[in-house]
Amino acid sequence: MQTPRDWLTPEALLMLQTIEQRGSFAAAARALNLVPSALTYRVRQLEDALDVLLFDRSARQAVPTAAGHELLREASRLLDELDAIANRVRRVASGWESVLTVAVDSIIARNVVMDLCASFFALASPTRLRLRYETLSGTLAALTSGQADLVLGAVTMTGQPKDIHHLELGRVTFVFAVDPHHPLATAPEPLTDALVAQHRAVAVADSVSRGVGLTIGLQGGQDVFTVPDMQSKLQAQLRGMGGGFLPESLARPYINSGQLVIKQVLTTRNNTCHYAWRDSPQAPAGQALRWWLAQLEQPATRQALLQPVHCVQGHPLQNSHQE
């Protein structure tokens, strides 16, 4: 007798993902090189096996039901895990990973990451490189969930499994900054938490997919404008859309030009960033990961990763501390 396990194959999960991505059974059938009736029949078989409805067929689009959304979330995780298993097997056989995924926090200078990627490609190794951008606890979560092999810019490193190793990347000093026309720009210093809470804050969203995520520098009950990364936060604060903490190195050119004003606050913020990776006797680091770790041993590389590129009047401007 067949069980749901017999139906939840990688092929079936990939079929469901294709339907969601393409938006209709007909489009998904074309992508999978099937006739629509065959695809519909396979989905119905899966629904019967699970005793649930996975897609709402009342509209022209194939819209996942609540049960369908849950299965699709788990499908993505399971397929990633299967890829990770295959990667580990290949790594054991060749010493080089088939794919190396690097998760980069939004506080990290992306131009320096790209320079490192270019140097890696110059090795002509068999490893394919994959970058993903994360923020706050989502950066480390990418590593602990197996979705990344190396993370740059992790903030919190407590209570991690023994196979996760980390070293300090550097310390980041933050300043509380607002537009010169912002009400807080002329307020007496130091700004109290109560006064700051009366004005909108610009905050970078935590990219962690599960759990409550990490919140830094916000006051209870404060109006918050949430943006996806640190560059968006900078742009919002330059336009007077709110205030908040920015890395001093990122904000400095705009402070010097008068586009931002630093305000002293009672509650200051400084972060120590880390880079972290997995390594254990059962799953030893491959050649590609070792190459990246060797680059990160260089103080100049670690410093450069915490020095962003600025834009003035639409043109990139290297920070004066950048080497």
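Here the sequence shown is numbered in the working numbering, starting from 78 and rising by one per residue. We put the CB at the ideal spot given by N, CA and C, even for glycine.
Report task. Pick out whichever of V189, V166, D356 has its Cα sitting closest to the Cα of P238. Result -> D356
Requested in this report: Measure the alpha-carbon distance for T345 versus F251 and round it to whole angstroms.
Outcome: 8 angstroms
Query raised in the report: Which first and last residues belong to the beta strand (DSSP E) in which E211 is found?
Result: 205–211
Requested in this report: Report the partner residues of E245 according to the DSSP bridge assignment.
Outcome: Per DSSP, H351.
Query raised in the report: Which partner residues does F253 have in the DSSP bridge list?
Result: F322, K340
Query - Rounded C-alpha distance that separates L127 from G319 - result: 49 angstroms
Requested in this report: Could you name the residues of the same chain whose beta carbon sits closer than 8 angstroms to that of F302, not counting the 5 residues immediately before and after it, in chain order?
Outcome: R277, A278, V279, A280, A313, M318, G319
Requested in this report: Within the same chain, show all residues whose beta-carbon is closer than 8 angstroms to that of L261, passing over the 5 residues directly before and after it, in chain order.
Outcome: V255, L268, L272, V273, H276, G320, K340
Query raised in the report: Which same chain residues, not among the five before or five after Q299, have their C-beta less than 7 angstroms away from its C-beta?
Result: These residues qualify, in order along the chain: A274, A278.
Query raised in the report: In its own chain, which residues sit with a C-beta less than 7 angstroms from the C-beta of L373, not counting the 5 before and 5 after it?
Result: Y352, R379
Query raised in the report: L116 and V179: beta carbons closer than 8 angstroms?
Result: no
**Report entry** Bridge partner(s) assigned by DSSP for D133
**Finding:** V140
Requested in this report: Please say whether T95 and L103 have beta carbons closer to each other than 8 angstroms?
Outcome: Here residue 103 turns out to be Ala, not Leu, going by the sequence shown. Not a contact, by the Cβ cut-off of 8 angstroms.
Query raised in the report: Where L148 and Q122 are concerned, what is the direct C-alpha to C-alpha distance, given to the nearest angstrom?
Result: 15 angstroms
Query raised in the report: Just to confirm, does I241 get its C-beta within under 7 angstroms of one of the non-hydrogen atoms of the ligand GTP?
Result: What this structure holds is no ligand at all, so the ligand GTP is not there to describe.
Query raised in the report: What separation, rounded to the nearest whole angstrom, lies between the Cα atoms of W354 and M307?
Result: 23 angstroms
Query raised in the report: DSSP three-state call for A201: helix, strand or coil?
Result: coil
Query - Proximity below 8 angstroms, CB of S222 to CB of D283 - result: no
Query raised in the report: L85: which of S114, L131, A163, R99 sits nearest, CA to CA?
Result: The shortest C-alpha to C-alpha distance from L85 to any of S114, L131, A163, R99 is the one to L131.
Query raised in the report: Is L159 close to chain D, meaning its C-beta is less than 8 angstroms from at least one C-beta of that chain?
Result: Looking at the structure shown, chain D is missing, and only one protein chain is on hand.
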